[in-house]
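Undergrad: Sequential numbering of the sequence shown, starting at 1, is according to the UniProt record's numbering. Sharing a structure here in structure tokens format.
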Amino acid sequence: MSWIINYINSPQERFSDPKSLVKDLHLNGFKAIWMLDPGIKQEDGYFVYDSDSANDVWIHKADGTPFVVWPGPCVFPDFTQSKARSWWACLVKDFISNGVDGIWNDMNEPTVFKAVTKSMPEDNVHRGDAELGGCQNHSHCHNVYGMLMARSTYEGMKLANENKRPFVLTRAGFIGSQRYAATWTGDNLSNWDHLHMSIPMVLQLGLSGQPLSGPDIGGFGRNATPRLFGRWMGVGAMFPFCRGHSETDTIDHEPWSFGEEPFKTRA
Numbered sequence: 001m002s003w004i005i006n007y008i009n010s011p012q013e014r015f016s017d018p019k020s021l022v023k024d025l026h027l028n029g030f031k032a033i034w035m036l037d038p039g040i041k042q043e044d045g046y047f048v049y050d051s052d053s054a055n056d057v058w059i060h061k062a063d064g065t066p067f068v069v070w071p072g073p074c075v076f077p078d079f080t081q082s083k084a085r086s087w088w089a090c091l092v093k094d095f096i097s098n099g100v101d102g103i104w105n106d107m108n109e110p111t112v113f114k115a116v117t118k119s120m121p122e123d124n125v126h127r128g129d130a131e132l133g134g135c136q137n138h139s140h141c142h143n144v145y146g147m148l149m150a151r152s153t154y155e156g157m158k159l160a161n162e163n164k165r166p167f168v169l170t171r172a173g174f175i176g177s178q179r180y181a182a183t184w185t186g187d188n189l190s191n192w193d194h195l196h197m198s199i200p201m202v203l204q205l206g207l208s209g210q211p212l213s214g215p216d217i218g219g220f221g222r223n224a225t226p227r228l229f230g231r232w233m234g235v236g237a238m239f240p241f242c243r244g245h246s247e248t249d250t251i252d253h254e255p256w257s258f259g260e261e262p263f264k265t266r267a
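What follows is the structure, encoded as structure tokens:
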């Protein structure tokens, strides 16, 4: 699979013709899975922000104003509102028209790097539907936020093609997330401890009702050694969700990047 980080509208300087890009990937036997984070750029003229600002689907601070945060001014959809979920689903439907095969939801705990808790303030306000408890603080809604985003993404993909099973990957989830998305175990490190930890994590996710999960094989942060990567590939082949992935400032983590050592695990 080809994993492409993207915005709801493609930056023209990088992806001038996204449909042709996806078509070329398909011709070469790849699937295209594009990433969508929940943070929406707060800028008048940006069609995603403008498309539903009038309906005010954003999470609010305790003082009633929209919660604005990194990277640069952005706002977070309040997925506890049905109108927010419908709005997101319609955006995903249009996004899929580029020929995208699946959606990867990241940073959807939601993550806020500059906060001590690495998430938004607990007194932020969700103005949810009655079935979700109505208006509540973020402390009551934090755990379901990622699941509700995954649900909205799933529903958007179904709108695009009701006869095709959606592929959604989410980092954050809750009980019931398996109805909408696969999950991976988050940003791990390239070390033996995290290799060992990945096994019980995936098994316990399965026991908790999430059958499709797996770690970043080789570790997301830091650099894997050839032996570590080879062993991790051997284990990872047995995981329901098998994917190598690493952050941008690491060495290449493809199997062929480590010489002959990883292939010795075939024995």
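All residues carry an ideal CB built from backbone N, CA and C; glycine is no exception.
At 3 residues or longer, what runs of the beta strand (DSSP E) sit wholly inside the segment 118-161?
TA: 125-127 and 135-137, all fully within the segment 118-161.
Undergrad: Would you check if the distance between the CB atom of K41 and the CB atom of G99 is smaller than 9 Å?
TA: The answer is no: Cβ separation not under 9 Å.
Undergrad: Within the same chain, show all residues whose beta-carbon is closer than 6 Å to that of F263, passing over the 5 residues directly before and after it, in chain order.
TA: There are no such residues.
Undergrad: At 3 residues or longer, what runs of the beta strand (DSSP E) sit wholly inside the segment 41-115?
TA: Counting whole runs of 3 or more residues, the segment 41-115 contains the beta strand (DSSP E) stretches 102-105.
Undergrad: Please state if the CB of F220 and the CB of L189 are separated by a distance shorter than 9 Å.
TA: Taking 9 Å as the Cβ cut-off, L189 and F220 qualify as a contacting pair.
Undergrad: What does a CB cutoff of less than 7 Å around V57 pick up in its chain, not counting 5 residues either side in sequence?
TA: Taken in chain order, the residues that qualify are P77, D78, Q81, K83, A84 and W87.
Undergrad: When DSSP labels each residue in this structure, what does M238 get in the three-state scheme?
TA: Coil at M238, not helix or strand.
Undergrad: Provide the residue span of the beta strand (DSSP E) that contains L207, from first to last.
TA: Looking at the DSSP string, L207 is not in any beta strand (DSSP E); the run it does join, the alpha helix (DSSP H), is W192 to L207.
Undergrad: By Cβ distance, which residues of its chain are closer than 8 Å to L159, with the 5 residues on each side in sequence left out?
TA: So the qualifying residues of the chain are A89, C90, V92 and K93.
Undergrad: Which of the three DSSP states, helix, strand or coil, is assigned to S213?
TA: S213 falls in the strand class under three-state DSSP.
Undergrad: Pairs of beta-carbons, one from the segment 160-177 and one from the segment 192-204, closer than 8 Å: are there three or more?
TA: No, the segment 160-177 does not touch the segment 192-204.
Undergrad: What three-state label does DSSP hand G39 in the structure shown?
TA: The answer is coil: DSSP assigns G39 none of H, G, I, E or B.
Undergrad: CB R243 to CB G214, shorter than 9 Å?
TA: Closer than 9 Å, so yes.
Undergrad: From the DSSP output, read off the bridge partner residues of G221.
TA: For G221, which the question treats as bridged, DSSP gives the partners L189.
Undergrad: Could you tell me the distance, in whole angstroms, from the CA atom of H245 to the CA atom of Y46?
TA: Approximately 31 Å between the Cα atoms of the pair.
Undergrad: So D24 is in the alpha helix (DSSP H); what residue range does that whole segment cover?
TA: It spans P18 to L27 - the alpha helix (DSSP H) in which D24 sits, taken as one unbroken run.
Undergrad: Using the C-alpha atoms, what's the distance from D44 back to I217?
TA: Their Cα atoms are separated by approximately 40 Å.
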